[in-house]
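A.B. asks:
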Amino acid sequence: AQSVAQPEDQVNVAEGNPLTVKCTYSVSGNPYLFWYVQYPNRGLQFLLKYITGDNLVKGSYGFEAEFNKSQTSFHLKKPSALVSDSALYFCAVTPQIGDDKIIFGKGTRLHILP
Amino acid sequence: GAGVSQSPSNKVTEKGKDVELRCDPISGHTALYWYRQSLGQGLEFLIYFQGNSAPDKSGLPSDRFSAERTGGSVSTLTIQRTQQEDSAVYLCASSEGSINQPQHFGDGTRLSIL
Numbered sequence: 050a051q052s053v054a055q056p057e058d059q060v061n062v063a064e065g066n067p068l069t070v071k072c073t074y075s076v077s078g079n080p081y082l083f084w085y086v087q088y089p090n091r092g093l094q095f096l097l098k099y100i101t102g103d104n105l106v107k108g109s110y111g112f113e114a115e116f117n118k119s120q121t122s123f124h125l126k127k128p129s130a131l132v133s134d135s136a137l138y139f140c141a142v143t144p145q146i147g148d149d150k151i152i153f154g155k156g157t158r159l160h161i162l163p
Numbered sequence: 086g087a088g089v090s091q092s093p094s095n096k097v098t099e100k101g102k103d104v105e106l107r108c109d110p111i112s113g114h115t116a117l118y119w120y121r122q123s124l125g126q127g128l129e130f131l132i133y134f135q136g137n138s139a140p141d142k143s144g145l146p147s148d149r150f151s152a153e154r155t156g157g158s159v160s161t162l163t164i165q166r167t168q169q170e171d172s173a174v175y176l177c178a179s180s181e182g183s184i185n186q187p188q189h190f191g192d193g194t195r196l197s198i199l
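Chains A and B are the protein sequences, given in the same order. All residue numbers for the first sequence refer to this note's numbering, where the first residue is 50 and numbers rise by one. All residue numbers for the second sequence refer to this note's numbering, where the first residue is 86 and numbers rise by one.
#1: So for Glu153 (chain B), helix, strand or coil by DSSP?
#2: With three or more C-beta pairs closer than 8 Å as the rule, is the region 76-83 of chain A touching the region 95-102 of chain A?
#3: Using 7 Å as the limit for Cβ to Cβ distance, is Phe95 (chain A) near chain B?
#4: Below 8 Å on the Cβ atoms is my guess for Ser179 (chain B) versus Val89 (chain B); work out the distance and round it to an integer in Å.
#5: Work out the CA separation of Val174 (chain B) and Gln186 (chain B) for me, nearest whole Å.
#6: Give me the DSSP bridge partner(s) of Ala116 (chain B).
#7: Is Phe134 (chain B) close to chain A? Criterion is C-beta to C-beta, closer than 7 Å.
#8: For a contact defined as C-beta to C-beta under 9 Å, what are the partners of Phe150 (chain B) on chain A?
#9: For Gly193 (chain B), count neighbouring Cβ atoms within 10 angstroms of its own Cβ and tell me buried if that reaches 16, exposed if not.
#10: Determine whether the Cβ of Leu128 (chain B) lies closer than 7 Å to any Cβ atom of chain A.
#11: Where does the unbroken beta strand (DSSP E) through Leu68 (chain A) begin, and where does it stop?
#12: How would you write the range of the beta strand (DSSP E) that Lys107 (chain A) sits in, first residue to last?
#13: Under 7 Å between the Cβ atoms of Pro144 (chain A) and Gly78 (chain A)?
#14: May I have the straight-line CA-CA distance separating Thr121 (chain A) from Gln51 (chain A), to the nearest angstrom?
#15: In chain order, what residues of the same chain lie with their CB nearer than 6 Å to the CB of Leu137 (chain A), ignoring the 5 residues before and after it?
#16: Below 8 Å on C-beta distance, what does Leu176 (chain B) contact in chain A?
#17: Out of curiosity, what's the CA-to-CA distance linking Gln188 (chain B) and Leu199 (chain B)?
#18: I need the straight-line Cα distance from Asn137 (chain B) to Thr155 (chain B), nearest angstrom please.
#19: Could you tell me whether the Cβ of Ile111 (chain B) comes closer than 7 Å to any Cβ of chain A?
#20: Should Gly193 (chain B) be flagged as near chain A, meaning a C-beta pair shorter than 7 Å?
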């Protein structure tokens, strides 16, 4: 069965510093991987996805994520954090072949400290 | 263009009453999903519609929960004989149908059972 893990419930980063939000996954075969962000009282917003090709994927708001097949990870990164990046971040995975249901991680709350 | 629309945005009802939650997906999106989110936590999958196929109901927590999607567009999630543990935010999402396409979320219905 496929699964996705976000090992940190909360990440605190000072404004201007680089940030990383971790995600590891387990699927049969090759994965499709996604990151979403949720602001208070809003639905999830798509940030970026990995389908195939270049392991470094760039997305909205200056975020990027690196697909690492050997470590089965897809960590979200940003070179310089903004206070407005404070939100709840979800990693999601689905296998390219087989079950077409996407699995979401439990979320990581990101706090950017001014 | 218009995004996913959910109504009502908030619903307060007494224990034992039935409630209906509505989702208007993005026009042309063949896939529609319902999730439940408790207190800013992770997403719990409820049900998935894809085109004219039979829905995947594997996430519905009890037979008090049901959903339908009329004409491949609007969907209604019905909860019968509501219980206090049903209190949560119910999120709807739609996508173009292919599993490598991102989901587009509505802002949810916040359901409170008194």
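Built from N, CA and C at the ideal position, the CB exists for glycine as well.
C.D. replies: In short:
#1: Taking the second sequence and counting its residues from 1, the one referred to as residue 153 (chain B) is at position 68. Looking at Glu153 (chain B) - three-state DSSP - the assignment turns out to be strand.
#2: yes
#3: Along the first sequence, read from residue 1 onward, the residue named residue 95 (chain A) stands at position 46. Yes - at least one Cβ of chain B is within 7 Å of the one on Phe95 (chain A).
#4: Here residue 179 (chain B) refers to the residue found at position 94 of the second sequence. Here residue 89 (chain B) refers to the residue found at position 4 of the second sequence. With a Cβ gap of about 6 Å, Ser179 (chain B) and Val89 (chain B) count as contacting.
#5: In the second sequence, counting from the first residue as 1, residue 186 (chain B) sits at position 101. In the second sequence, counting from the first residue as 1, residue 174 (chain B) sits at position 89. Going by the C-alpha atoms only, they are around 24 Å apart.
#6: Locating residue 116 (chain B) in the second sequence gives position 31, where the first residue counts as 1. BP columns for Ala116 (chain B) point to B:Gln135, B:Ser180.
#7: Locating residue 134 (chain B) in the second sequence gives position 49, counting from the first residue. Answer no: the Cβ-Cβ gap between Phe134 (chain B) and chain A never drops below 7 Å.
#8: As a working mapping, residue 150 (chain B) is identified with position 65 in the second sequence. By Cβ distance, chain A contributes nothing, its closest Cβ being about 17 Å from Phe150 (chain B), past 9 Å.
#9: For this step, residue 193 (chain B) is matched to residue 108 along the second sequence. Label assigned to Gly193 (chain B): buried.
#10: On the second sequence, position 43 is the one that residue 128 (chain B) refers to. At least one chain A Cβ lies under 7 Å of Leu128 (chain B).
#11: Along the first sequence, read from residue 1 onward, the residue named residue 68 (chain A) stands at position 19. Unbroken beta strand (DSSP E) run through Leu68 (chain A): 68-70.
#12: As a working note, residue 107 (chain A) is residue 58 in the first sequence. Where Lys107 (chain A) is concerned, the enclosing beta strand (DSSP E) stretches over 105-107.
#13: If you number the first sequence from 1, residue 144 (chain A) lands on position 95. If you number the first sequence from 1, residue 78 (chain A) lands on position 29. In contact: Pro144 (chain A) and Gly78 (chain A) (Cβ atoms closer than 7 Å).
#14: Along the first sequence, one-based indexing puts residue 121 (chain A) at 72. Along the first sequence, one-based indexing puts residue 51 (chain A) at 2. Cα-Cα distance, rounded: 12 Å.
#15: For the purposes of this step, residue 137 (chain A) is taken as residue 88 along the first sequence, with counting starting at 1. So the qualifying residues of the chain are Gln87, Gly156, Arg158.
#16: On the second sequence, residue 176 (chain B) is found 91 positions in, with the first residue counted as 1. The answer, in chain order, is Gly92, Leu93.
#17: One-based indexing of the second sequence puts residue 188 (chain B) at position 103. One-based indexing of the second sequence puts residue 199 (chain B) at position 114. Going by the C-alpha atoms only, they are around 32 Å apart.
#18: The count along the second sequence starts at 1 and reaches residue 137 (chain B) at position 52. The count along the second sequence starts at 1 and reaches residue 155 (chain B) at position 70. Those two C-alpha atoms are separated by around 10 Å.
#19: Here residue 111 (chain B) corresponds to residue number 26 of the second sequence, with the count starting at 1. By this cut-off, Ile111 (chain B) is not an interface position.
#20: Taking the second sequence and counting its residues from 1, the one referred to as residue 193 (chain B) is at position 108. Chain A contact via Cβ: present.
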